[in-house]
Amino acid sequence: MSFSVLRTSFRRAAVPPAAARTSKAFRSPAFRKYSTEVPKPEGAGKSNAALFAGLGLAVVGGVGFWIYSSDSNKAKEAGTAVRSGVQSAKAAANFTPTKEDYQKVYDRIVEILDEASDADYDDGSYGPVVLRLAWHASGTYDKDTNTGGSNYATMRFEPEALHGANAGLNVARTLMEKVKKEFPWISYGDLWTLGGVCAIQELGGPKIPWRPGRIDGFQEQCTPDGRLPDATQGAQHLRNIFYRMGFNDREIVALSGAHALGRCHTDRSGFDGPWTFSPITVSNEYFRLLFDEKWVWRKWNGPKQLQDAKSKTLMMLPTDYVLVQDKSFRKFAEQYARDQDLWFKDFANSVSRLFELGVPTSQWVSSEQWIMKSSDEN
Ligand code: HEM
């Protein structure tokens with residue numbers, strides 16, 4: 001393992017015009033399925049250089065510990081060694097980030113999410129793909145073995161970056177890398193989950209309580225393939241996956257409402273199209289459409305997905321449609337379709353918990369979660 005690898009430690013969106021709602025598979029010329037490049041310290045400022053030097057020392061400590069130990073429990077301990085090293089490096093660099101420093105990162109992410117409109121990307125915001133990155137980084141958690149989750153940001157590494165479920169997330173990781181270069185002191189896990197919080201809040205959703213404290217881990221801490229849900233499956237599969245993370249039926253339904261945002265891409269998951277008419281606005285439209293529209297199997301040369309019979313422009317995955325078919329899921333989906341405030345409340349609680357999965361309590365920099373200011377409050 002090279003040293004450089006170890007060093008890595010819309011605003012409220014208007015409904016887009018009809019043209020922007022039509023199905024459009026994004027093809028990135030720079031599409032690559034490799035893990036995110038590690039940041040180079042050269043661009044860092046003076047105090048950051050000192051911080052990096054300190055981080056280097058910290059990592060050497062972690063490496064020594066790592067070489068000494070080999071199984072995954074030991075890997076965790078090695079992570080802890082790095083963490084304490086990182087903390088002393090921060091102290092040595094005389095820089096301990098405050099809530100205001102994290103707010104600056106949030107504000108910079110807001111600008112980057114908006115750059116999608118100039119780049120003519122999808123529906124005009126990078127928010128959806130950035131939220132998907134935060135969720136896939138967190139949703140690998142297994143409560144029985146206490147492995148996975150947002151702590152170590154292991155999707156930076158192969159093989160996790162190459163897991164089928166993560167196809168296309170290189171787009172979000174590359175965007176977040178820009179932020180990382182400007183704020184090299186933030187851990188990837190904190191950065192990616194803050195990106196998810198920012199996407200939800202800036203696209204008109206509820207406030208998501210969040211706090212920093214995640215640390216960067218090692219390639220050896222990558223989770224096995226198969227921990228994220230497979231959209232072709234049914235209710236039992238959803239329960240297996242989300243119960244493993246510690247969620248219940250109500251929370252599974254609340255979390256699924258994230259599909260108010262974004263779209264499927266044929267060159268990523270193979271599925272195609274948006275779930276709602278306003279894919280860059282967080283609302284309960286996803287739940288309303290599930291009940292108000294007639295859904296039929298799309299006849300096409302692609303994976304099994306449903307389409308609305310009327311406009312034929314919207315889609316539902318088999319795992320979305322089970323929220324209507326399964327009695328227990330349906331009860332909550334109906335409540336959320338009727339009451340957006342209720343869904344906002346449950347969604348905020350569930351997402352906040354999702355983003356904290358796998359992070360030991362001792363790592364949090366604050367016992368209270370923080371509410372980051374949205375751009376319209378600044
Ligand atoms: C319930 C099980 C879930 C399944 C089977 C599932 C599956 C998928 C699939 C197949 C895509 C399309 C990816 C692409 O082609 O670009 C997608 C996109 C997305 N998912 Fe999920 N997902 C699930 C849960 C969630 C959760 C819990 C969240 C967040 C809390 C979420 C947020 C998103 C977002 C925002 C997108 C749009 C990404 C974009 O526009 O690029 N999903 N999901």
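1 is the number of the first residue of the sequence shown in the UniProt record's numbering; add one for each residue after it.
Don't be surprised by glycine CBs; every beta carbon is placed ideally from N, CA and C.
Given the structure is predicted, the values throughout are model-derived calculations rather than measurements.
| Query | Result |
| --- | --- |
| Collapsed DSSP secondary structure at residue 27 in the structure displayed | Because residue 27 carries a pLDDT of 29, less than 50, the predicted location of this residue cannot be relied on, and no value is offered for it. |
| Identity of the residues DSSP links to residue 142 by a beta bridge | 147 |
| Neighbour-count burial assignment, residue 124, 16 or more Cβ in a 10 Å radius | buried |
| Sufficient close CB pairs (3 or more, under 8 Å) joining the region 205-216 to the region 290-300 | no |
| Residue 315 beta carbon less than 8 Å from that of residue 325 | no |
| DSSP three-state assignment for residue 315, whether helix, strand or coil | strand |
| Per-residue DSSP class, three states only, for residue 250 | helix |
| Among 102, 103, 169, 127, the one whose alpha carbon lies nearest that of residue 114 | 127 |
| N- and C-terminal bounds of the beta strand (DSSP E) containing residue 297 | 295-297 |
| Any non-hydrogen atom of the ligand HEM within 7 Å of residue 282 CB | no |
| 7 Å Cβ shell around residue 222 - same chain, five flanking residues per side excluded | 154, 157, 159, 160 |
| The ligand HEM heavy atom lying under 7 Å from the CB of residue 119 | no |
| Neighbour-count burial assignment, residue 302, 16 or more Cβ in a 10 Å radius | exposed |
| Enclosing beta strand (DSSP E) for residue 306 [first to last residue] | 306-308 |
| Limits of the alpha helix (DSSP H) - the one that residue 170 falls within | 170-182 |
| C-beta contact flag for residue 142 and residue 244 at 8 Å | yes |
| Where residue 37 falls, given that 16 or more other Cβ within 10 Å makes a residue buried | Its pLDDT being 39, under 50, residue 37 is placed unreliably in this model, and the value from its coordinates should be taken loosely. Exposed, by the Cβ-count rule. |
| Nearest candidate by alpha-carbon position, reference residue 266, set 101, 358, 164 | 164 |
| Three-pair Cβ contact test at 8 Å for the region 186-205 versus the region 278-287 | yes |
| Close beta carbons around residue 134, own chain, < 7 Å, minus the five adjacent residues each side | 192, 193, 195, 196, 355 |
| Extent of the continuous alpha helix (DSSP H) run through residue 345 | 340-355 |
| Contact set for residue 317: own chain, Cβ-Cβ below 7 Å, skip 5 residues either direction | 231, 271, 305 |
| Spatial neighbours of residue 307 in its chain, beta-carbon cut-off 6 Å, leaving aside the 5 residues before and after | 298, 315 |
| Candidates 233, 239, 190, of which the one nearest residue 215 by Cα | 190 |
| Given residue 349 as reference, the closest of 319, 255, 366 once Cα atoms are compared | 255 |
| Distance between residue 312 and residue 364 (C-alpha atoms, nearest Å) | 46 Å |
| Buried or exposed by the 16-neighbour rule on C-beta atoms within 10 Å, applied to residue 180 | buried |
| Closer than 7 Å: residue 269 CB and nearest the ligand HEM heavy atom | yes |
| Beta-carbon proximity list for residue 331, same chain, < 7 Å, skipping 5 on both sides | none |
| Same chain only: Cβ atoms within 7 Å of residue 369, ignoring 5 sequence neighbours per side | 209, 210, 211, 352 |
| Buried or exposed (CB count within 10 angstroms, at least 16 for buried), residue 300 | exposed |
| Alpha helix (DSSP H) segment containing residue 235, residue limits | 235-245 |
| Spatial distance of residue 130 from residue 263 (CA atoms) | 12 Å |
| Buried/exposed call for residue 338, threshold 16 Cβ in 10 Å | exposed |
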